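Trainee: The letter at position 47 of the sequence shown is residue 50 when you use our numbering, and the numbering goes up by one with no holes.
Glycine included, C-beta positions come from ideal geometry on N, C-alpha and C.
What you are looking at is a predicted structure, and each value in this text was computed from that prediction instead of being measured.
First the structure, which I've put down as structure tokens, then a few questions once you've had a look.
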Amino acid sequence: MPDRPEIVCICGSTRFVDEMRAANRDLTFAGVIVVAPGEADELITDQQKTVLDALHLRKIDLADRVLVVNPGGYIGESTSKEIAYAQATGKPISFTNPV
Numbered sequence: 004m005p006d007r008p009e010i011v012c013i014c015g016s017t018r019f020v021d022e023m024r025a026a027n028r029d030l031t032f033a034g035v036i037v038v039a040p041g042e043a044d045e046l047i048t049d050q051q052k053t054v055l056d057a058l059h060l061r062k063i064d065l066a067d068r069v070l071v072v073n074p075g076g077y078i079g080e081s082t083s084k085e086i087a088y089a090q091a092t093g094k095p096i097s098f099t100n101p102v
């Protein structure tokens with residue numbers, strides 16, 4: 004048995020916030036530590052998006068693996084960059100829908 008629970012970083016488009024919340028809930032109840040994208044109730048500035056994007060890469064660094072939430076197979080520009088980063092750092096990546 005590992006010294007700690009698995010850590011999974013959720014990636015995906017903010018348009019799928021409900022699906023990402025569901026994945027977070029399911030993983031958490033399965034005993035997984037989840038790190039997920041930051042959420043905002045209002046539109047964010049370009050500067051805030053830059054900060055959040057950089058922060059999310061650090062979340063990927065902390066994770067044992069990445070789960071991409073991609074209903075219908077959709078992967079946007081930011082998520083594509085996160086996938087490329089995860090691949091470059093050797094993180095295993097899985098998807099909720101086939102790519």
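When DSSP labels each residue in this structure, what does Arg-61 get in the three-state scheme?
Mentor: Of the three classes helix, strand and coil, the one that applies to Arg-61 here is helix, per DSSP.
Trainee: Can you pull the DSSP bridge partners for Ser-83?
Mentor: DSSP, once it has assigned bridges, lists no residue as partnering Ser-83.
Trainee: Count the CB pairs spanning the stretch 25-37 and the stretch 80-96 that are closer than 8 Å, and state whether there are at least three.
Mentor: Segments in contact, no.
Trainee: Taking Arg-7 as part of the beta strand (DSSP E), name the residues at either end of that continuous run.
Mentor: Unbroken run through Arg-7: none, as it is neither H nor E.
Trainee: Can you give the Cα-Cα distance for Gln-51 and Pro-8, rounded to whole angstroms?
Mentor: Spanning the two alpha carbons is a distance of roughly 31 Å.
Trainee: Does the distance from the C-beta atom of Arg-69 to that of Cys-12 stay below 8 Å?
Mentor: Sequence inspection shows Val at residue 69; the Arg mentioned does not correspond to that position. Result yes, Cβ atoms of Val-69 and Cys-12 sit closer than 8 Å.
Trainee: Taking C-beta to C-beta, are Glu-41 and Leu-30 nearer than 8 Å?
Mentor: Per the sequence shown, residue 41 should be read as Gly rather than Glu. No.
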